[in-house]
Amino acid sequence: RSAVDDPGRFEKSRTVGAYFGLTPKKYQSGETDIDGGVTKVGDAMVRTALYEAAHIMLTRATRFSALKRWALDVAKRRGMKRAKVALARKLATVLHRMWVDVSAFRWGKDTVAP
Numbered sequence: 001r002s003a004v005d006d007p008g009r010f011e012k013s014r015t016v017g018a019y020f021g022l023t024p025k026k027y028q029s030g031e032t033d034i035d036g037g038v039t040k041v042g043d044a045m046v047r048t049a050l051y052e053a054a055h056i057m058l059t060r061a062t063r064f065s066a067l068k069r070w071a072l073d074v075a076k077r078r079g080m081k082r083a084k085v086a087l088a089r090k091l092a093t094v095l096h097r098m099w100v101d102v103s104a105f106r107w108g109k110d111t112v113a114p
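Numbering of the sequence shown is given in UniProt numbering, commencing with residue 1 and proceeding in unit increments.
Encoded structure:
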């Protein structure tokens with residue numbers, strides 16, 4: 001079973017996070033503008049798997065990753081739970097882009113010789 005059957009149905013990779021419910025709720029009325037928790041729409045199993053992958057990447061992974069460094073910076077500012085959700089959303093974006101481009105995951109920034 002596939003939660004995303006065709007990667008081409010998303011115009012941009014960053015919209016995949018919203019599809020899996022990893023974006024904040026918005027409440028707006030007049031001058032009131034409130035950000036809530038995550039929307040929790042979409043496939044709950046995929047959302048759980050992404051959250052668990054983010055948890056493992058932050059707590060258990062020993063190999064350097066720019067994603068891990070970014071999430072740890074978010075954790076310093078906003079807390080570990082929000083950092084895990086943010087990393088899960090970013091992982092969804094990266095996985096979608098890898099699927100569209102048919103590319104492999106790169107742990108660090110590889111420099112390509114001209």
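The beta carbon of each residue, even a glycine, is placed where N, CA and C say it ideally should be. For clarity, every value in this text was computed on a predicted model and none was experimentally measured.
| Item | Value |
| --- | --- |
| Under a three-way DSSP split, which group does residue 120 fall into? | Only positions 1 to 114 of the chain appear in the structure, and residue 120 is not among them; the question remains open. |
| How big is the Cα-Cα spacing for Val97 and Ser13? | The question names Val, yet the displayed sequence has Arg at residue 97. Each residue's alpha carbon lies about 6 Å from the other. |
| Ordered along the chain, which non-local residues of its own chain (more than five positions away) have a Cβ less than 6 Å from that of Val41? | Gly21 |
| Give every residue of the same chain whose Cβ lies closer than 8 Å to the Cβ of Leu58, excluding the five residues on either side of it in the sequence, and list them in chain order. | Lys68, Ala71, Leu72, Ala75, Met80, Ala83, Lys84, Leu87 |
| Within the same chain, show all residues whose beta-carbon is closer than 8 Å to that of Tyr51, passing over the 5 residues directly before and after it, in chain order. | Lys84, Val85, Ala88 |
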